[in-house]
Amino acid sequence: MKIINNAAVIFNYTIKDETGTMLESNANEKVGYIHGSGTTLPGFESALEGKDAGYTTTIVLSPEHAFGDHDESLIIHVPISDFHGQELSLDMEFVMEDGQADEANSIVWRITELTEETVTLDGNHPYAGKTLTFDIEVKEVRVASEEELEHGHIHFDDFDNLSEH
Ligand SMILES: [Zn+2]
């Protein structure tokens, strides 16, 4: 079937940055989304609309259509004493609410620098400020189940994704 609203779309992907460096791929993991659910990046759904299993395409998304510009105000320096002796390492992540009791507003802070006195935290998405090239291969298109539509995501099998339900 073709990709239309409420179709379950299973695909393979790789993401590269401007220099062609591979940032990410789904490797052996199955990934997919429900077409029309708005859960993917803008531009993604329109590129796949009406396509079929086997379709391959390359989508280039500027920061504004991907993860936004890099925001300097989201880089903060915190005295290491604020962490009360907690063991810290580079790239460690902390999820903090930004005051609103809403998960969508929580920020993931990543440690980008660590000295004896100061911890530098970056609240930008790791891909912020990057133009991203997605290579996509549509593996499977099928009708989404009622349960999948209700959840807004795909179920691959009963054991793999239980935690997401
Ligand atoms: Zn579910």
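Numbering that gives the first Met the number 0 applies: residue 0 is where the sequence shown begins, and numbers increase by one.
Backbone N, C-alpha and C fix where the C-beta goes; we use that ideal spot for every residue, glycine too.
Over what stretch of residues does the alpha helix (DSSP H) that includes residue i continue unbroken?
i       : result
Ser-45  : 43-47
His-150 : 145-150
Report the three-state DSSP secondary structure of residue i (helix, strand or coil).
i       : result
Glu-96  : coil
Glu-23  : strand
Ile-75  : strand
Phe-82  : helix
Phe-155 : coil
Glu-136 : strand
Ala-6   : strand
Thr-13  : strand
Thr-130 : coil
Gly-31  : strand
Thr-56  : strand
Please report the distance separating the alpha-carbon of residue i from that of residue j.
i       : j       : result
Tyr-54  : Val-118 : 46 Å
Met-0   : Asp-51  : 6 Å
Leu-22  : Asp-16  : 7 Å
Ile-202 : Ser-61  : Lying outside 0 to 164, the shown extent of the chain, residue 202 is not represented and no answer is given.
Val-30  : Leu-87  : 32 Å
Ala-46  : Arg-141 : 18 Å
Val-59  : Glu-145 : 32 Å
Pro-41  : His-64  : 6 Å
In the DSSP assignment, the beta strand (DSSP E) including residue i goes from what residue to what residue?
i       : result
Thr-38  : Careful: Thr-38 lies outside any beta strand (DSSP E) and carries neither H nor E.
Pro-62  : Per DSSP, Pro-62 belongs to no beta strand (DSSP E) and is neither H nor E.
Glu-112 : 106-113
Asp-121 : 117-121
Pull up the CB-CB distance for residue i and residue j, whole angstroms please, since I reckon it's below 8 Å.
i       : j      : result
Ala-143 : Asn-5  : 5 Å
Arg-109 : Glu-92 : 5 Å
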